[in-house]
Amino acid sequence: MNQLVVELGERSYPIIIENKGLNRIGGLFLEREIGKRVVVISDNIVAGLYAETAIDHLEWAGFEVTLLTFPAGEKSKNLKTVDRLFEQMISAKIDRRSTVVAFGGGVVGDVAGFVAATYLRSIQLVQIPTTLLSQTDSSVGGKVGVNHRLGKNMIGAIYQPKFVLIDPLVLRTLESREVFSGLGEVLKYGLIWDRQFFYEIGEKICQNQNRLDVESIEQLIQPCCRIKAAVVASDEKEWGLRRILNFGHTIGHALEAVTNYKYFRHGEAVLLGMKAMLYLSFRRHLLDESAFASATKILNLIPVPKIPRVLTSDKILDQLQVDKKNVAGKIVAILLDGIGRAMIEEDCSKAQISEAVNYLLEKYQE
Ligand SMILES: NC(=O)c1ccc[n+]([C@@H]2O[C@H](COP(=O)([O-])OP(=O)(O)OC[C@H]3O[C@@H](n4cnc5c(N)ncnc54)[C@H](O)[C@@H]3O)[C@@H](O)[C@H]2O)c1
Numbered sequence: 002m003n004q005l006v007v008e009l010g011e012r013s014y015p016i017i018i019e020n021k022g023l024n025r026i027g028g029l030f031l032e033r034e035i036g037k038r039v040v041v042i043s044d045n046i047v048a049g050l051y052a053e054t055a056i057d058h059l060e061w062a063g064f065e066v067t068l069l070t071f072p073a074g075e076k077s078k079n080l081k082t083v084d085r086l087f088e089q090m091i092s093a094k095i096d097r098r099s100t101v102v103a104f105g106g107g108v109v110g111d112v113a114g115f116v117a118a119t120y121l122r123s124i125q126l127v128q129i130p131t132t133l134l135s136q137t138d139s140s141v142g143g144k145v146g147v148n149h150r151l152g153k154n155m156i157g158a159i160y161q162p163k164f165v166l167i168d169p170l171v172l173r174t175l176e177s178r179e180v181f182s183g184l185g186e187v188l189k190y191g192l193i194w195d196r197q198f199f200y201e202i203g204e205k206i207c208q209n210q211n212r213l214d215v216e217s218i219e220q221l222i223q224p225c226c227r228i229k230a231a232v233v234a235s236d237e238k239e240w241g242l243r244r245i246l247n248f249g250h251t252i253g254h255a256l257e258a259v260t261n262y263k264y265f266r267h268g269e270a271v272l273l274g275m276k277a278m279l280y281l282s283f284r285r286h287l288l289d290e291s292a293f294a295s296a297t298k299i300l301n302l303i304p305v306p307k308i309p310r311v312l313t314s315d316k317i318l319d320q321l322q323v324d325k326k327n328v329a330g331k332i333v334a335i336l337l338d339g340i341g342r343a344m345i346e347e348d349c350s351k352a353q354i355s356e357a358v359n360y361l362l363e364k365y366q367e
């Protein structure tokens with residue numbers, strides 16, 4: 002078992018990383034004095050694979066469990082799903098001492114986390130992430146929320162869980178497209194924070210003919226959680242440093258929104274956004290040509306669908322204007338001034354962003 006701590010004063014919490022951790026869930030809940038009533042929120046796929054195990058162990062430890070599910074995928078990440086969950090929880094008389102368990106990938110974590118943050122003005126939350134992306138990124142740090150039809154993640158809160166339980170073994174049932182999508186966020190940590198980590202992953206992917214064996218994937222979890230925990234601990238509310246975690250996300254979110262959250266996986270859209278920001282960093286002479294080329298080569302090892310032909314740069318740029326990271330109409334861009342070194346550009350010109358989007362379309366459009 003590995004344990005890290007997100008240091009946030011009285012809201013500090015552990016990230017427990019443990020193979021077969023799911024089988025110890027009952028004991029872990031008892032140790033942490035979780036109330037008797039537990040609402041497990043999941044999607045239909047994760048629930049089909051793992052809900053029985055989790056619920057059996059919780060019930061065996063004496064918890065009263067209600068399972069609520071919604072259809073898997075980004076299309077469910079909206080207020081309609083939240084409303085349905087509220088209705089089911091009110092009907093089931095879930096009270097303020099109950100705990101929500103977000104059991105699934107990043108979509109479940111964000112939706113169930115938002116439900117926990119707002120139901121009866123907040124009830125306790127435990128995150129049990131089940132995708133590479135959620136085990137290395139989204140379950141840590143307390144960002145929860147849903148999409149609005151006008152923009153990605155526009156409604157939400159920062160609400161920290163009581164603890165995060167990561168069982169790396171559940172990744173073994175993940176489809177390879179989801180593993181690659183998760184690798185997008187993993188590579189992000191290398192690019193913004195740890196040059197050696199970035200090139201090591203690149204080398205491993207290369208050596209394994211663009212695939213990573215399960216053990217190598219499992220080894221990525223702890224370093225990513227460590228970086229995320231450090232960044233969040235220093236800037237929980239994202240007024241400063243935490244913004245570097247958004248590297249590649251402004252264009253990535255725009256790509257997800259203009260394709261109605263149906264075409265790209267989140268990590269895929271972020272990968273494209275990171276390629277655009279690498280290019281912009283190079284054009285701004287922050288990155289030299291060899292760093293730009295070697296980093297792009299590694300990102301290109303991850304398969305990502307081509308950008309649909311119908312998308313124009315105007316459409317992407319229009320969408321980009323509603324990104325919630327923009328302040329007073331200014332586009333905030335996260336750039337690199339070295340591999341492993343992120344910097345925040347508070348007022349990036351529209352012309353520069355437009356150049357980066359055009360580069361992306363030229364290189365990666367079908
Ligand atoms: N809150 C944050 O800080 C934060 C950070 C990054 C991303 N996100 C959000 O995370 C979301 C993406 O998360 P995701 O990539 O995990 O997507 P996801 O939750 O949609 O999961 C991807 C797919 O994998 C399936 N799945 C999950 N676990 C499985 C398992 N163990 N075995 C088999 N199938 C499994 C799911 O049912 C789903 O179909 C986006 O909405 C993004 O905005 C949030």
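Residues 2 to 367, numbered by our numbering, are exactly what the sequence shown covers, in order.
We treat Cβ as the ideally placed atom computed from N, Cα and C, and that holds for glycine.
Which residue comes first and which comes last in the alpha helix (DSSP H) that contains residue i?
{"i": "residue 84", "result": "80 to 92"}
{"i": "residue 364", "result": "351 to 365"}
{"i": "residue 58", "result": "53 to 61"}
{"i": "residue 377", "result": "Lying outside 2 to 367, the shown extent of the chain, residue 377 is not represented and no answer is given."}
Which residue from the options puts its Cα closest to that of residue i?
{"i": "residue 38", "options": "100, 298, 245", "result": "100"}
{"i": "residue 289", "options": "221, 321, 247, 339", "result": "339"}
{"i": "residue 349", "options": "254, 122, 33, 281", "result": "281"}
{"i": "residue 158", "options": "134, 174, 123", "result": "123"}
{"i": "residue 64", "options": "107, 70, 30, 50", "result": "30"}
{"i": "residue 116", "options": "131, 152, 225, 70", "result": "70"}
{"i": "residue 268", "options": "246, 87, 233", "result": "246"}
{"i": "residue 304", "options": "331, 2, 265, 313", "result": "265"}
{"i": "residue 360", "options": "276, 151, 238", "result": "276"}
{"i": "residue 243", "options": "333, 252, 253", "result": "333"}
{"i": "residue 45", "options": "72, 142, 250", "result": "72"}
{"i": "residue 84", "options": "107, 62, 112, 104", "result": "112"}
{"i": "residue 302", "options": "335, 229, 207", "result": "207"}
{"i": "residue 148", "options": "322, 98, 254", "result": "254"}
{"i": "residue 160", "options": "32, 234, 258, 126", "result": "126"}
{"i": "residue 11", "options": "234, 198, 186", "result": "234"}
{"i": "residue 322", "options": "179, 195, 341, 258", "result": "258"}
{"i": "residue 54", "options": "273, 300, 26", "result": "26"}
{"i": "residue 141", "options": "6, 256, 98", "result": "6"}
{"i": "residue 218", "options": "168, 13, 342", "result": "168"}
{"i": "residue 174", "options": "341, 48, 76, 346", "result": "48"}
Where residue i and residue j are concerned, what is the direct C-alpha to C-alpha distance, given to the nearest angstrom?
{"i": "residue 311", "j": "residue 297", "result": "25 Å"}
{"i": "residue 59", "j": "residue 89", "result": "20 Å"}
{"i": "residue 96", "j": "residue 164", "result": "20 Å"}
{"i": "residue 17", "j": "residue 367", "result": "42 Å"}
{"i": "residue 356", "j": "residue 23", "result": "47 Å"}
{"i": "residue 315", "j": "residue 51", "result": "43 Å"}
{"i": "residue 203", "j": "residue 261", "result": "31 Å"}
{"i": "residue 102", "j": "residue 4", "result": "19 Å"}
{"i": "residue 225", "j": "residue 91", "result": "37 Å"}
{"i": "residue 134", "j": "residue 250", "result": "14 Å"}
{"i": "residue 35", "j": "residue 351", "result": "49 Å"}
{"i": "residue 199", "j": "residue 189", "result": "8 Å"}
How would you write the range of the beta strand (DSSP E) that residue i sits in, first residue to last?
{"i": "residue 67", "result": "65 to 71"}
{"i": "residue 144", "result": "144 to 149"}
{"i": "residue 104", "result": "100 to 105"}
{"i": "residue 221", "result": "Residue 221 -> not in any beta strand (DSSP E); alpha helix (DSSP H) instead, spanning 215 to 235."}
Just mark residue i as buried or exposed, buried being the case when its beta carbon has 16 or more other beta carbons within 10 Å.
{"i": "residue 319", "result": "exposed"}
{"i": "residue 82", "result": "buried"}
{"i": "residue 28", "result": "exposed"}
Does DSSP put residue i in a helix, a strand or coil?
{"i": "residue 178", "result": "helix"}
{"i": "residue 45", "result": "helix"}
{"i": "residue 317", "result": "helix"}
{"i": "residue 158", "result": "strand"}
{"i": "residue 276", "result": "helix"}
{"i": "residue 165", "result": "strand"}
{"i": "residue 111", "result": "helix"}
{"i": "residue 198", "result": "helix"}
{"i": "residue 190", "result": "helix"}
{"i": "residue 312", "result": "coil"}
{"i": "residue 125", "result": "strand"}
{"i": "residue 263", "result": "coil"}
{"i": "residue 339", "result": "coil"}
{"i": "residue 38", "result": "strand"}
{"i": "residue 247", "result": "helix"}
{"i": "residue 138", "result": "helix"}
{"i": "residue 208", "result": "helix"}
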